[in-house]
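Residue numbers (the working numbering): 1 to 628. Don't be surprised by glycine CBs; every beta carbon is placed ideally from N, CA and C. Here the structure comes first, spelled out in structure tokens, and everything after it is commentary.
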RNA sequence: UGCCCGAUGGUGUAAUGGUAGCACAACGGACUCUGAAUCCGUUUGUCUAGGUUCGAGUCCUAGUCGGGCAGCCA
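Here it is, written out as structure tokens:
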């Protein structure tokens, strides 16, 4: 199989799934002049890896068909939404698709509303996109240089109001005075027909007047709604005269105080799709039962251009994490994590801060496929995608997380031996660097055992091990403190076994990493592990002893060891680590500079770098099964 | 409960009436100056019962199990 290798730039195989099959068929029969999709988040939370699946599907379809994908905020409920989220969503989307599908990103000229036009003699509204790669710092049209912005459903409130009036004129919508509880009881249970609202047969003139007065702010919140007149006996709840508009006297983050009536999702979404010329409106499974309503609204407005259609796929679930916005918000608000971008969070910004490349995230969400089956994907698949990406691209470096001092007794105190180290064995072009070998070193405490188990092939008293890129050393003496703790190992170096030396080919079983004790940098290193201890924090029942209150509470499964902070010693070159660079600390894992933290050293005042562990290397030996 | 949707190894996903394949995981081996990577190999699957057909994972019917919908949320 072909892989997306950045060195060979071999293309990844074009994904295939039922949605793409439908699109391909439409392309084959020239149903639309151009394929247009959209990614429509509500700005009420941060984007997570589940959204990444939707983003890669929608932008993927666009890029594979020379089409476009609009970023549109589905902002029809001002009480839940906030500008805080708008900026983060734009940043996350652009990071995820950057260099991959950003040429398909559809934005609109800033402040522009749908244009009034006539198509085949019929009145119409249309808002075409500007498609291209807007610069990252400032979003501008690459052609004209004019400012761009994402689409907003709230930019269509005028047009949506006009469409609502059209429905009223046709006798297909009415103003209803029922209270919320009454609406619920009139709607009825799914197995029996509902009851028609007493306000259902109001005259067109009365409905027009009432709807206008709703808009003018003459009624309090909840007093009246606009409803579609469809069928109170429908087995589909969403066809039982669904709400189209409700009254909300609240300021909207994008439209300010212009409106006090706001359209419902079902009314706004299908028409927003239409206004933007969307052809394929791809959403998750829970909207499947809404599709007849989506089609009803568009089908009853005599719209002159081709209508969009909705297709549904199963959302992404991953083991050992939670995905619902509510639960993620809870983790943030209750300070169980450090914020939305905490590297343990399944948010896009969390992964980014953790050091996961966008290409790895993309590869993962594309790899799991698109179906209508409610699946639970093993987090191991994600971890594999990350390791696979980083293995090919990360620069190898030496770092010791939990140091034990080693003294090479046959080396002079002040001397330095420069050792050539390979930067990336997967990429010959990455070259080499020099690391200093000195009399005093640090090695990983795990790499020495006084009484090792069978098949342990690192350092032991009297044993030999190779220092990677340097030479073989032999452990002559174990120095302990008063409590019996190992404080120092005295070893002799076999300099003939140096890389490139006469005895370079000498074999010893183990090779370990190391850093010079006198020429290294200190860093804070944050070791992240999965946030939850169970595969399904949502579903796992509480243990029998737990109280009823704790039953089903995902928070009881939070991993108390999901973050460990150590002071590590790094090879000197890492003082110049770059934020965008990815590193493999050899034999340990993949690490990236934390861009949000700069810890000044209290002693020296020098900035001490902070590294986040993106993911550890696979380590079968660490597992119980590996210790046989 | 009514309606809608779904079901292929442990997990995810192909096979579009014609040899059930791939990835991850697991296990074994080779190689190794990273117990990584790489390479080779092994184990494990069409929910059940009928029907259509020369032939069914695929089409039909019924059942079982799972998910969704009953916000003036999206």
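- Listed as beta-bridge partners of residue 152 by DSSP are 73.
- Of the other Cβ atoms in all chains shown, 16 or more fall within 10 Å of the Cβ of residue 268; this residue is therefore buried.
- By the Cβ-count criterion, residue 373 is exposed, with fewer than 16 other Cβ atoms from all chains shown falling within 10 Å of its own Cβ.
- If one requires a minimum length of 3 residues, the beta strand (DSSP E) runs lying completely within the segment 10-88 are 36-39 and 68-73, in chain order.
- Taking 8 Å as the cut-off, the beta carbon of residue 124 is found closer than this to the beta carbon of residue 305.
- By the Cβ criterion, the segment 421-436 is not in contact with the segment 610-617, since fewer than three pairs of Cβ atoms, one from each stretch, lie closer than 8 Å.
- Of the candidates 502, 106, 53 and 14, 53 places its Cα closest to the Cα of residue 365.
- Residue 376 counts as exposed, since fewer than 16 other C-beta atoms from the protein chains shown sit within 10 angstroms of its C-beta.
- With respect to the 8 Å criterion, residue 311 and residue 19 are classified as neighbours on the basis of their beta carbons.
- Taking every protein chain shown into account, the CB of residue 87 has fewer than 16 other CB atoms within 10 angstroms, so this residue is exposed.
- The Cβ atoms of residue 55 and residue 280 lie no closer than 8 Å to each other.
- DSSP places residue 612 within a strand segment (E or B) once states are collapsed to three.
- Within the model, the alpha-carbon separation for residue 235 versus residue 297 is close to 18 Å.
- Three or more Cβ pairs closer than 8 Å define a contact, and the segment 345-361 falls short of that threshold against the segment 73-86.
- In terms of Cα proximity to residue 198, the closest of 205, 192 and 187 is 187.
- Between the segment 390-408 and the segment 432-441 there are three or more inter-stretch CB-CB distances shorter than 8 Å, so the stretches are counted as touching.
- The beta-carbon distance between residue 512 and residue 465, rounded to whole angstroms, is 5 Å. This is short enough to meet the 8 Å contact definition.
- By the CB criterion at 8 Å, residue 22 and residue 361 fall outside the cutoff.
- Secondary-structure assignment with DSSP links residue 245 through a beta bridge to 226 and 263.
- For residue 210, the uninterrupted alpha helix (DSSP H) segment begins and ends at 204-215.
- The three-state reading of DSSP puts residue 283 in strand, counting E and B together.
- According to the DSSP assignment, residue 158 belongs to no beta strand (DSSP E) but to the alpha helix (DSSP H) extending over 157-169.
- If you keep only unbroken beta strand (DSSP E) runs of at least 3 residues inside the segment 314-348, you get nothing at all.
- Inclusion of residue 402 and residue 566 in the CB contact set at 8 Å is warranted, their separation being smaller than that value.
- With the rule of 3 Cβ pairs closer than 8 Å, the segment 179-193 does not count as touching the segment 201-208.
- Taken in chain order, the whole beta strand (DSSP E) runs of length 3 or more contained in the segment 380-429 are 395-397, 403-408 and 417-422.
- One alpha carbon belongs to residue 215, the other to residue 60, and they sit about 40 Å apart.
- The beta carbon of residue 439 lies closer than 6 Å to those of 408, 411 and 413 in the same chain, with the five residues before and after it left out.
- Contact annotation, residue 129 with residue 107: C-beta distance approximately 6 Å; criterion of less than 8 Å satisfied.
- Excluding the 5 residues flanking it on each side, residue 261 has same chain C-beta neighbours closer than 6 Å at 214, 215, 245 and 247, in chain order.
- Residue 553 carries a coil assignment under DSSP once its states are collapsed to helix, strand and coil.
- With respect to the C-alpha of residue 92, the residue from 562, 356, 563 and 503 having the closest C-alpha is 356.
- Residue 456: not part of any beta strand (DSSP E); DSSP gives it neither H nor E.
- Taking every protein chain shown into account, the CB of residue 586 has 16 or more other CB atoms within 10 angstroms, so this residue is buried.
- For residue 176, the pairing in a beta bridge is given by DSSP as 225.
- Here residue 621 is exposed: its Cβ has fewer than 16 other Cβ atoms, across all protein chains shown, within 10 Å.
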